[in-house]
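Note that the sequence shown ends on residue 322 in numbering that gives the first Met the number 0; no numbers are left out.
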Amino acid sequence: MLGVSLTRAQAPAWWPANAIYAADFVNRRYMRAGVPISEGSAISFSRSSSAWAQNAAGQWVEFGTNQPRFTPGGLMLEPQRENLIRNNAMAGAVAGTPGTLPTHWARFRTGTLNEPAVVGTGRRDGVDYIDLRLSGTASGNNDLGVFVELLLPMAAGSGYCLSGFFELISGSLSAASFAHMSCGRYLDGTYVSGSPTIDLKMVGAWQRYSFNDNVPGAGVNQIRPSVAMRLGAGLSIDAVVRIGWPQLELGPFVSSPVLSSGTTFVRAPDSATLHLDGGPQQLVLRYDDGNEVQLSGPYAGSVPVPQGSNASRVTSAFAVPVV
0 MLGVSLTRAQ APAWWPANAI YAADFVNRRY MRAGVPISEG SAISFSRSSS AWAQNAAGQW
60 VEFGTNQPRF TPGGLMLEPQ RENLIRNNAM AGAVAGTPGT LPTHWARFRT GTLNEPAVVG
120 TGRRDGVDYI DLRLSGTASG NNDLGVFVEL LLPMAAGSGY CLSGFFELIS GSLSAASFAH
180 MSCGRYLDGT YVSGSPTIDL KMVGAWQRYS FNDNVPGAGV NQIRPSVAMR LGAGLSIDAV
240 VRIGWPQLEL GPFVSSPVLS SGTTFVRAPD SATLHLDGGP QQLVLRYDDG NEVQLSGPYA
300 GSVPVPQGSN ASRVTSAFAV PVV
C-alpha cells in the first residue's frame, strides 16, 4: 500500500544558505540567526532633514526627517547634498506676457526676440514645474533664455552636477542653432566659455536629465546655470518648454532632487546601521545596479552602512561567518 505524506514542503529561505544575518530592503524582510526579525531589530536609521524619492507609481514623494526612503529599487542611502539653486519650486512665478519669473531667476534676450513668457506653473508626478514660451523672429544671431541663479563662486577643479526635468509642451526648437541648459563659465563676472549641456532639442517626454562637469583649473572662478537658445537671422520660433526642479550640486554624481523655495537647501546624509549577531562576520551589500560590495570586517553587533560605496539604493545586505 502506498503511503501519502500530507506534510507541506517548506519554502526555501530567501537569504543565502550560509548567512547569519540578512536584510531584504525591497520586500522589507529581515533575518538573524535563521529567525525572522522585525525591521526595528534589524536596522536603525536617521537623517536630520527631509528627502525625496520615487514611489512605485513613479511619483516623487517627500520623506520626513529620520524617515527611511524605501523604494521599489531598495533603500536609498545618499551623502549630504546642497542644491545651490535657491528656488527650484518656482516660488513667486506668475503667468503673463511676459509674466513674473520665479524669485532669483532672470531673463535675457538680444535682438528682436520676445521676452521669455511664463505660460503657467504646476506639479507633475510630484515635481514643481514652470512652462516657458520661447518665441519671436530673429534680427541676427539672437539669444534668448533665463538664468536660474546668480553667478556662483567655484574653486578650480570643483566637480558639480546639473540636472532638471524637461519636456517640450508645444511647438518645435528645431530652428534654433542650439537650445540647452548649461552652466556658463565666468572669470570675475566675464563670460569665458560654455559647459556640457542638456540638449533641449533632443527632449521629448517628461523626464530628468543631467550632466556632470569639472571647473577648469585656471581662468574660471564662477559658473551660472541657464536655459538658453540661439536663433539665426530671419528665423522664427514659437515653443513652450516645461522645466522642473533644476538642481546644481557639488559632487561627482547626480543625487535625488533637493527642493528649494527661496534659499539653498541641504539634504542631510542618510545614516543606516545594521544590527548583526555576535561573532566575527563578513558583510555583503548588494545594489540596484547589480553590483555587490564585500566588506571583510570582521564585524559584530551594530555596523554602520558605509556612505557612497556604490549606487544610491541598497537592495539587500547579508553577513556570513568569518572562517
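Glycine is no exception: its CB is placed at the ideal position from the N, C-alpha and C atoms.
Item                                                                                                    : Value
Rounded separation between Gly277 and Leu167 - CA only                                                  : 56 Å
CB of Gly135 within 8 Å of CB of Thr96, strictly                                                        : no
Cβ-Cβ distance between Leu258 and Trp51 below 8 Å                                                       : yes
Sub-8 Å separation of Gly183 and Gly193 beta-carbons                                                    : yes
Any 3 or more C-beta pairs closer than 8 Å across the segment 246-264 and the segment 72-83             : yes
Closest residue to Gly188 among Thr196, Gly218, Tyr159, Ala175 (Cα-Cα distance)                         : Gly218
Beta carbon of Gln332 nearer than 8 Å to that of Pro268                                                 : For the chain, the structure presents residues 0 to 322; residue 332 sits outside this window and is missing.
CA-to-CA distance, Tyr20 to Tyr29, given in whole angstroms                                             : 8 Å
Three-state secondary structure (DSSP) of Leu199                                                        : helix
Residues sharing a beta bridge with Ser301, DSSP                                                        : His274
Exposed unless 16 or more other CB atoms sit within 10 angstroms - verdict on Gly216                    : exposed
Contact the segment 219-228 vs the segment 141-160: 3+ CB pairs below 8 Å                               : yes
Continuous beta strand (DSSP E) assignments of at least 3 residues falling wholly in the segment 72-142 : 73-75, 80-82, 105-108, 116-123, 126-136
Closest Cα partner of Asn213 within the set Arg31, Arg229, Gly158, Gly243                               : Gly158
Arg241 vs Phe165 beta-carbon contact at 8 Å                                                             : yes
Coil, strand or helix - Glu148 by DSSP                                                                  : coil
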